Amino acid sequence: MADSLRRLVSAESCRLLQEKLENWYRDYEINTCDQNLNRCCEIIEMNSVIQGQLFTILNETSREGGHYAGVETIKTRLLPWLGTCFSCATSGGLFESGLSFIQLDRWNDYEQQIQMLRDEISILDAQKSVLQSRLARSRSPSPRRSRSPSPLPLRSCSPGRARRTNASRHACLVARFGDIYAHERLDAETLLRTYITDKEMVQRIIYTAAVESFQAAKMAYRQFKMRVRKTLSLGHTGLESLEDTVLDYMVRHEDLYDVQASVNEVIRSMNMNPKISFPPEVDFIVISSLIRELCRVAFSMQTLIPPLDIAFGMDGELFSETKYHRSLDSDFTAALVAYHVWPALMENDVVIVKGEAVTKRGALKIHCVYSVLTPCLQHDKSTCRVCL
Numbered sequence: 004m005a006d007s008l009r010r011l012v013s014a015e016s017c018r019l020l021q022e023k024l025e026n027w028y029r030d031y032e033i034n035t036c037d038q039n040l041n042r043c044c045e046i047i048e049m050n051s052v053i054q055g056q057l058f059t060i061l062n063e064t065s066r067e068g069g070h071y072a073g074v075e076t077i078k079t080r081l082l083p084w085l086g087t088c089f090s091c092a093t094s095g096g097l098f099e100s101g102l103s104f105i106q107l108d109r110w111n112d113y114e115q116q117i118q119m120l121r122d123e124i125s126i127l128d129a130q131k132s133v134l135q136s137r138l139a140r141s142r143s144p145s146p147r148r149s150r151s152p153s154p155l156p157l158r159s160c161s162p163g164r165a166r167r168t169n170a171s172r173h174a175c176l177v178a179r180f181g182d183i184y185a186h187e188r189l190d191a192e193t194l195l196r197t198y199i200t201d202k203e204m205v206q207r208i209i210y211t212a213a214v215e216s217f218q219a220a221k222m223a224y225r226q227f228k229m230r231v232r233k234t235l236s237l238g239h240t241g242l243e244s245l246e247d248t249v250l251d252y253m254v255r256h257e258d259l260y261d262v263q264a265s266v267n268e269v270i271r272s273m274n275m276n277p278k279i280s281f282p283p284e285v286d287f288i289v290i291s292s293l294i295r296e297l298c299r300v301a302f303s304m305q306t307l308i309p310p311l312d313i314a315f316g317m318d319g320e321l322f323s324e325t326k327y328h329r330s331l332d333s334d335f336t337a338a339l340v341a342y343h344v345w346p347a348l349m350e351n352d353v354v355i356v357k358g359e360a361v362t363k364r365g366a367l368k369i370h371c372v373y374s375v376l377t378p379c380l381q382h383d384k385s386t387c388r389v390c391l
């Protein structure tokens with residue numbers, strides 16, 4: 004019990020929760036509705052994690068007291084509290100609870116349908132504005148005579164908003180990627196260390212989250228782009244190419260990106276990844292804020308010309324000085340990568356931001372043993388003894 008309590012105290016989760024509450028209270032009036040809801044959900048997630056740890060400590064403490072110690076305290080304090088929080092007031096409570104869950108599912112379906120309709124309305128509004136501008140140009144009188152004998156100059160196709168702002172958006176997104184590495188990544192690592200003592204496993208989880216976030220965001224970008232192109236192509240005529248029109252629309256309406264769907268997809272993929280494991284009482288949702296920021300940045304990077312992507316990394320590959328920095332706990336004489344900490348950022352196969360990797364001697368042997376043991380570690384201990 005003392006170890007669990009010490010881990011809870013050293014994690015300073017309650018202090019972080021208090022700070023987030025104070026920051027939310029300070030910024031509540033200037034935040035949007037979505038921002039306030041996101042803050043509230045984040046605080047609820049942290050509170051549930053702390054509550055789960057406290058229940059674990061309660062269970063361990065009662066087990067240490069034997070069969071009879073602490074019974075009176077549990078009867079007089081814990082059970083009445085649980086009764087007021089979770090018990091149903093009437094015999095039909097279970098039915099009402101099930102009905103409320105059905106209504107909640109229907110409400111979620113309605114919200115998804117409303118979001119889809121909003122997306123379609125936004126696309127139709129963009130198409131309407133394009134058609135109106137073309138109609139206005141077609142009605143404007145063109146000069147029939149010119150006093151100058153020189154021919155009229157050819158009208159050049161001016162770059163759209165996406166191309167005009169490409170350089171500034173590129174710089175902002177690269178800087179944001181660096182900020183996530185310097186801040187959100189370390190926060191997630193600190194949070195994971197409260198549940199997992201193995202530093203390598205923690206860093207593998209964060210690296211996998213980064214890779215899966217880029218994959219999910221790129222897939223969402225392709226699907227969104229196909230929908231926009233299909234709609235705008237119905238009435239597209241003019242000087243600007245269809246691709247530029249589609250790209251301009253996506254840059255202006257990045258807020259239509261359903262980032263939560265990508266976060267859910269990332270968590271599903273991580274749960275099926277055999278290289279990483281997690282305590283059964285905790286879920287990867289504890290680092291959802293890191294995944295959400297990575298998905299947003301990755302989606303925005305796809306609107307750049309050319310788009311940015313992360314480098315492919317594999318355990319046991321030859322270490323590249325142009326791609327990665329070595330972690331401080333690396334063997335600086337080793338030539339092979341044991342595992343990756345953070346991916347490198349690429350533009351047209353050229354590294355623009357280095358990643359981070361750990362190098363060790365015998366990395367190929369470590370990788371082979373780790374790939375065999377990791378699926379085993381996700382099962383019970385008896386299975387592990389058979390594998391070993």
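Using the working numbering, count along the sequence shown one by one with no gaps and you end on 391. In this text, a Cβ means the ideal position worked out from N, Cα and C, and glycines have one as well. Bear in mind that the values here come from a model prediction, so they are computed numbers and not experimental data.
Is residue i near residue j, with beta carbons less than 9 Å apart?
i           : j           : result
residue 7   : residue 60  : yes
residue 266 : residue 298 : yes
residue 341 : residue 318 : yes
residue 213 : residue 346 : yes
residue 49  : residue 13  : no
residue 231 : residue 260 : no
residue 165 : residue 355 : no
residue 339 : residue 315 : no
residue 223 : residue 302 : yes
residue 194 : residue 289 : yes
residue 55  : residue 205 : no
residue 124 : residue 296 : no
residue 10  : residue 197 : yes
Determine the direct distance from the alpha carbon of residue j to that of residue i, and round the result to whole angstroms.
i           : j           : result
residue 28  : residue 45  : 14 Å
residue 362 : residue 33  : 46 Å
residue 300 : residue 178 : 10 Å
residue 390 : residue 199 : Bear in mind that a pLDDT of 35 at residue 390, under 50, signals an unreliable position, so the model cannot answer this.
residue 357 : residue 351 : 15 Å
residue 176 : residue 51  : 33 Å
residue 173 : residue 304 : 8 Å
residue 210 : residue 277 : 14 Å
residue 245 : residue 258 : 21 Å
residue 208 : residue 292 : 14 Å
residue 294 : residue 273 : 11 Å
residue 63  : residue 216 : 37 Å
residue 117 : residue 20  : 33 Å
residue 227 : residue 180 : 23 Å
residue 203 : residue 120 : 45 Å
residue 256 : residue 35  : 17 Å
residue 320 : residue 201 : 22 Å
residue 218 : residue 26  : 32 Å
residue 191 : residue 114 : 30 Å
residue 353 : residue 310 : 12 Å
residue 229 : residue 42  : 32 Å
residue 333 : residue 264 : 36 Å
Buried or exposed for residue i, going by 16 or more other Cβ atoms inside 10 Å?
i           : result
residue 331 : exposed
residue 188 : buried
residue 57  : exposed
residue 31  : exposed
residue 344 : buried
residue 335 : exposed
residue 250 : buried
residue 324 : exposed
residue 269 : buried
residue 22  : exposed
residue 171 : exposed
Pull the bridge partners of residue i from the DSSP assignment, please.
i           : result
residue 316 : DSSP, once it has assigned bridges, lists no residue as partnering residue 316.
residue 350 : 311 and 353
residue 328 : 359
residue 3   : For the chain, the structure presents residues 4 to 391; residue 3 sits outside this window and is missing.
residue 340 : 362
residue 345 : 359
residue 20  : Paired residue(s): none; residue 20 is not in a bridge.
residue 321 : 339
Using C-beta distances below 7 Å, list every residue in its chain close to residue i, excluding the 5 sequence neighbours before and after it, in chain order.
i           : result
residue 185 : none
residue 271 : none
residue 169 : 307 and 308
residue 262 : 295, 298 and 299
residue 359 : 327, 328, 330, 344 and 345
residue 24  : 46
residue 287 : 270, 273, 274 and 281
Given residue i, which residues of its chain have a CB within under 6 Å of its CB, disregarding the five upstream and five downstream residues?
i           : result
residue 337 : 362, 363 and 364
residue 279 : 207, 208 and 211
residue 76  : none
Whose C-beta lies closer than 8 Å to the C-beta of residue i among residues of the same chain, with five residues either side of it excluded?
i          : result
residue 39 : 27 and 31
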